Amino acid sequence: MSVTEVEFEARGAQEGQTVANVEGRSQWQLTWRRLRRDKVAMTALVVIVIIVALAIAAPLFVSLTHHGPNVAFPDTGEDAVGNPVGPMTNGFWLGSDGTGRDLFIRILYGARISLFVGVVTTMVASALGVSIGLMAGYFGGLIDTLLARFTDSVLAFPYIVLAIALAAVFGPSLTIILGMITFFSWAGIARIVRGQTLSIKEKEYIEAARSLGAGPFRIMFFDILPNLLGPVLVIATLYIPAAVVFESTLSFLALGIQPPTASWGNILAEATNFYQTSWWYVVFPALALLITTLAFNLLGDGIRDAMDPRTERLIAARRSLRRKKRKAAKSAPVASPSTSTLS
Amino acid sequence: MAGDDNVLVRVDNLVKYFPVKAGGFIRRTVGQVHAVDDVSLVIERGKTLGLVGETGSGKSTLARCVAGLIPVTSGKVFFEGRDITNLSRRAMRPLRREVQMIFQDPYSSLNPRRRVGAIIGDPFAIHNIATGAERKRKVQELMERVGLNPEHYNRFPAEFSGGQRQRIGVARALALRPKLIICDEPVSALDVSIQAQVLNLLADLQQEFGLSYLFIAHDLEVVRHVSDKVAVMYLGRVGESAPKEALYGTPRHPYTVALLSAAPAADPDAAAARQRVILTGDVPSPIDPPPGCRFHRRCPKAQPICATEEPQLVPEGVSATSEANEPVGGNNHLTACHFPVAVGENLAAAGTRELA
Chain A
54 MSVTEVEFEA RGAQEGQTVA NVEGRSQWQL TWRRLRRDKV AMTALVVIVI IVALAIAAPL
114 FVSLTHHGPN VAFPDTGEDA VGNPVGPMTN GFWLGSDGTG RDLFIRILYG ARISLFVGVV
174 TTMVASALGV SIGLMAGYFG GLIDTLLARF TDSVLAFPYI VLAIALAAVF GPSLTIILGM
234 ITFFSWAGIA RIVRGQTLSI KEKEYIEAAR SLGAGPFRIM FFDILPNLLG PVLVIATLYI
294 PAAVVFESTL SFLALGIQPP TASWGNILAE ATNFYQTSWW YVVFPALALL ITTLAFNLLG
354 DGIRDAMDPR TERLIAARRS LRRKKRKAAK SAPVASPSTS TLS
Chain B
300 MAGDDNVLVR VDNLVKYFPV KAGGFIRRTV GQVHAVDDVS LVIERGKTLG LVGETGSGKS
360 TLARCVAGLI PVTSGKVFFE GRDITNLSRR AMRPLRREVQ MIFQDPYSSL NPRRRVGAII
420 GDPFAIHNIA TGAERKRKVQ ELMERVGLNP EHYNRFPAEF SGGQRQRIGV ARALALRPKL
480 IICDEPVSAL DVSIQAQVLN LLADLQQEFG LSYLFIAHDL EVVRHVSDKV AVMYLGRVGE
540 SAPKEALYGT PRHPYTVALL SAAPAADPDA AAARQRVILT GDVPSPIDPP PGCRFHRRCP
600 KAQPICATEE PQLVPEGVSA TSEANEPVGG NNHLTACHFP VAVGENLAAA GTRELA
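From first to last, the protein sequence lines are chains A and B.
For the first sequence, the residue numbers in my numbering are 54 to 396.
For the second sequence, the residue numbers in my numbering are 300 to 655.
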């Protein structure tokens, strides 16, 4: 801690009558401080920022390479027998694909689709799940029974079957993908929110709010919701990669984004025809998918740990254990002056 | 009694049973917890009615029924002569400004995710009284009044000590200038030194705003310090009720005598000279309360009639078998006992025995 409690108090006293200056550290500030010390989570965050930046800057790379995302270059992008060219050949940074298009540019445009689907569905699903979970948990009784059973039936639904059916009836489209993923995501969030609501609504401060005359919706959104934002943020961070994978799965099965529009799923589907001759065609889109989902998952884990005040002690304990081990290892071979104690 | 201007709250024959549901698919009711059973009381304007009793005696349930937080099974609650029993939330709203609560646990009665300013400002927000800068000014006035630093407006409850947190709870209860504050064990979670500060604050506020208190505690000394009238509860019923001096000076119910003798005394000589009445057994289950007097299985003076005939709450000199129902909290010394303890009687000598 950079500012001790005493300094904190003293600072407040110096500033005297300016009232707004004494401000408690919120849960979010504390979480962020802990998260910043988590190297894995911070690396994941940096990776995510880079991926998002690359996706946003995709048109920039198009003007740089002069390779449009859906434009084939039969002269430079294919070798003599019509196979894709490898990485760093003829201005193709990650090689070309089966029809002579720039794989790098297509992966970037695929990232746009993936992130868009992941973020939009997760946001809508979170809003839905929180509302439904709050109502089920707070009101209880018949409302709870109906909503909870509906949630369970959604969780039990075989989504691939529904996806195939919907794609067959309406034809595959981005709207259907967004609807599908949202429909299968909210239920998990609703279930967790319901459980948390059930426990929070028994707290005395909820009774205090009722004794002040607060109505059910004020209690739900002003008193219970602030206590749920942490867990919901964690789940949402973990649902984004799930949605990305879901979208890729649908596109891979030709039920999602349709060619020529690039998506990591349909790039991988096309690449399966070339895996013997062109390794890059499979490896790079798969790596993009892997890195993205891994980064979101690690960040989600990091946020979850940072939310939990107990982990601070855990991390500290682990660190002191490591320090002790290091010290023991150093002092064992040679009795060196212990510089390590300074750290 | 209803027309008496001095009476702020009157409770008539209040009963609150909680159903006990069986587990399983069809949740049928298999029993009832008799939390509060036929309690009548009055709270006078500007006075404090203390409610003592051990855990599970129904004190808090009674308080929540009076505050309109849980529906009552039967009986009536009157506030300033108006029947407020089981009103809808909407109909209850104007009344919320008149009756407020202070809760036992200063750690769970404040939302940990909200800033103190928002917590104390809640009553203003809910009742659309003040907004923006005016609300902030009012909240800071309140904070100052209860002895908090108004500069701590933007802090979170976790940054305060237990006593300070209870002051936040007091400020919140005070915000709407209520006539009655129900204090549900407001100091039992605090250190003794802090208890005195909070109790003195409550006493000052009573003076300043003419508040009435329904003060619940299990600590006899705390209740003695703050109350004008005291009622002792046992297993959902009032056993004895009297003005403070009478109850502590000449207790008549054997349970009250036992309770008083169990309280630690500060003076070691007085403690040594005192006769302890040690009760045996446990408090019976409120799901299946004993017939007759609820205390008879543990009472050193119990006679056969105690197991069959329920004693009524009657003034001194009136037979407990007679029909009487005077609300507690008045000026009379009421006891619900067939064989009340006489002045100077040594209850400890009667010995303790256990009736299964």
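Glycine included, each C-beta is placed from N, C-alpha and C at the ideal position.
No experiment lies behind these values; they were computed from the predicted model shown.
What residue range is occupied by the uninterrupted beta strand (DSSP E) comprising residue 482/B?
The sequence position of residue 482/B within the second sequence is 183, counting from 1. Note, residue 482/B: beta strand (DSSP E), 479-483.
Would you say the segment 370-380 of chain B touches the segment 553-564 of chain B, given that touching needs at least three Cβ pairs under 8 Å?
no
Starting from the beta carbon of residue 409/B, find every residue of chain A whose beta carbon is closer than 9 Å, and list them in chain order.
Here the question's residue 409/B lines up with position 110 in the second sequence. Correct list: 257, 258, 261.
Distance between residue 395/B and residue 444/B (C-alpha atoms, nearest Å)
One-based indexing of the second sequence puts residue 444/B at position 145. One-based indexing of the second sequence puts residue 395/B at position 96. Cα to Cα, the separation comes out at about 21 Å.
Can you grab the Cα-Cα spacing for the pair residue 179/A / residue 274/A, in whole Å?
Residue mapping note: residue 179/A aligns to position 126 of the first sequence, counting from 1. Residue mapping note: residue 274/A aligns to position 221 of the first sequence, counting from 1. If I take the Cα positions, the gap works out to 14 Å.
Does chain A have any CB closer than 8 Å to the CB of residue 400/B?
The count along the second sequence starts at 1 and reaches residue 400/B at position 101. By this cut-off, residue 400/B is an interface position.
Which residues, in chain order, does the segment 275-294 of chain A contribute to contact with chain B at a C-beta distance below 7 Å?
276, 279, 280
Nearest to residue 457/B by alpha carbon, out of 621/B, 317/B, 329/B, 418/B?
Position 158 of the second sequence, counted from the start, is the residue given in the question as residue 457/B. Taking only the C-alpha atoms, the option nearest residue 457/B is 418/B.
Spatial neighbours of residue 621/B within its chain, please: C-beta separation below 8 Å, excluding the five flanking residues on both sides.
Working through the second sequence from its first residue, we reach residue 621/B at position 322. If we look at residue 621/B and ignore the five residues flanking it on each side, its Cβ neighbours are 611, 613.
Span of the beta strand (DSSP E), counted from its first residue to its last, around residue 513/B:
Position 214 of the second sequence, counting from 1, holds the residue named residue 513/B. Residue 513/B -> beta strand (DSSP E) spans 511-516.
Do you know how far the Cα of residue 320/B is from the Cα of residue 418/A?
Residue numbering for chain A in the displayed model covers 54 to 396; residue 418/A lies beyond these limits and cannot be assessed.
Note down, in chain order, every chain B residue with its Cβ under 7 Å from the Cβ of residue 80/A.
Counted from its first residue, the first sequence places residue 80/A at position 27. Here the neighbours are 412.
Determine, using beta-carbon pairs with one atom in the segment 309-317 of chain A and one in the segment 161-181 of chain A, whether at least three such pairs fall under 8 Å.
yes
Within chain A, partners of residue 362/B - CB distance below 7 Å:
Counting from 1 along the second sequence, the entry for residue 362/B is found at position 63. Ordered by position in chain A, no residue passes the 7 Å Cβ test against residue 362/B, which lies about 10 Å from the chain.
For residue 560/B, three-class secondary structure by DSSP
By one-based count along the second sequence, residue 560/B stands at place 261. Residue 560/B: helix per DSSP, three-state reduction.
Taking the C-alpha atoms as reference points, what is the distance between residue 219/A and residue 213/A?
Working through the first sequence from its first residue, we reach residue 219/A at position 166. Working through the first sequence from its first residue, we reach residue 213/A at position 160. The straight-line gap from Cα to Cα measures roughly 10 Å.
Give every residue of the same chain whose Cβ lies closer than 7 Å to the Cβ of residue 506/B, excluding the five residues on either side of it in the sequence, and list them in chain order.
By one-based count along the second sequence, residue 506/B stands at place 207. Excluding residues within five positions, none has a Cβ falling inside 7 Å.
When burial is assigned at 16 or more other CB atoms within 10 Å of the CB, is residue 377/A buried or exposed?
Position 324 of the first sequence, counted from the first residue, corresponds to residue 377/A. Flag for residue 377/A reads exposed.
Neighbour list for residue 422/B in chain A, Cβ cutoff strictly below 7 Å
To locate residue 422/B, count along the second sequence from 1; it is residue 123. Those within 7 Å of residue 422/B in chain A are 265.
Where the beta strand (DSSP E) through residue 537/B begins and ends
As a first step, residue 537/B must be located in the second sequence, where it is residue number 238. Where residue 537/B is concerned, the enclosing beta strand (DSSP E) stretches over 536-542.
Per-residue DSSP class, three states only, for residue 328/A:
On the first sequence, position 275 is the one that residue 328/A refers to. The answer is coil: DSSP assigns residue 328/A none of H, G, I, E or B.
Where residue 366/B meets chain A, residues with beta-carbon distance less than 8 Å:
As a working mapping, residue 366/B is identified with position 67 in the second sequence. In chain order: 264.
What are the start and end residues of the alpha helix (DSSP H) that includes residue 499/B?
Within the second sequence, the letter at position 200 stands for residue 499/B. Unbroken alpha helix (DSSP H) run through residue 499/B: 491-508.
Contact list for the segment 152-180 of chain A against chain D, Cβ threshold 8 Å:
Any reference to chain D falls outside this structure, whose protein chains are A and B.
Can you tell which of 121/A, 163/A, 135/A has its C-alpha closest to the C-alpha of residue 144/A?
Translated into the one-based positions of the first sequence, residue 144/A becomes position 91. The shortest Cα separation from residue 144/A among 121/A, 163/A, 135/A belongs to 121/A.
What does residue 271/A reach in chain B if we use C-beta pairs closer than 8 Å?
In the first sequence, counting from the first residue as 1, residue 271/A sits at position 218. What residue 271/A touches in chain B: 425.
Could you say which of 368/B, 645/B, 392/B lies nearest to residue 258/A if we only look at CA atoms?
Translated into positions along the first sequence, residue 258/A becomes position 205. With distances taken between Cα atoms, residue 258/A lies closest to 368/B.
What three-state label does DSSP hand residue 62/A in the structure shown?
Mapped onto the first sequence, residue 62/A falls at position 9. The pLDDT assigned to residue 62/A is 44, lower than 50, so where the model puts this residue is not dependable, and the model offers no usable value.
Chain-ordered chain B contacts of residue 248/A [CB-CB under 8 Å]:
Sequence index remark: in the first sequence, residue 248/A carries index 195 (1-based). Within 8 Å Cβ-Cβ: nothing; residue 248/A doesn't reach chain B, min ~18 Å.
Spatial neighbours of residue 251/A within its chain, please: C-beta separation below 7 Å, excluding the five flanking residues on both sides.
Taking the first sequence and counting its residues from 1, the one referred to as residue 251/A is at position 198. Result list for residue 251/A: 190, in chain order.
Taking C-beta pairs closer than 8 Å, name the residues in chain A that residue 434/B reaches, listed in chain order.
Position 135 of the second sequence holds residue 434/B. What residue 434/B touches in chain A: nothing, since even the nearest Cβ is about 14 Å away.
For residue 637/B, which residues from the same chain have a beta carbon less than 8 Å from its beta carbon, with the 5 sequence-adjacent residues on both sides left out?
The residue given as residue 637/B occupies position 338 in the second sequence. Correct list, in chain order: 592, 602, 604, 605, 608, 610, 619, 620.
Suppose contacts are defined by Cβ-Cβ distances below 8 Å. Is residue 351/A in contact with residue 106/A by that definition?
Position 298 of the first sequence holds residue 351/A. Position 53 of the first sequence holds residue 106/A. No; because the gap between Cβ atoms is not below 8 Å, this pair is not in contact.
What does DSSP give as the partner residue(s) for residue 401/B in the beta ladder?
Here the question's residue 401/B lines up with position 102 in the second sequence. Answer is 482/B.
Distance, residue 135/A Cα to residue 127/A Cα
Mapped onto the first sequence, residue 127/A falls at position 74. Mapped onto the first sequence, residue 135/A falls at position 82. Roughly 8 Å between the two C-alpha positions.
Report the three-state DSSP secondary structure of residue 299/A (helix, strand or coil).
As a working note, residue 299/A is residue 246 in the first sequence. Residue state, collapsed to three classes: helix.
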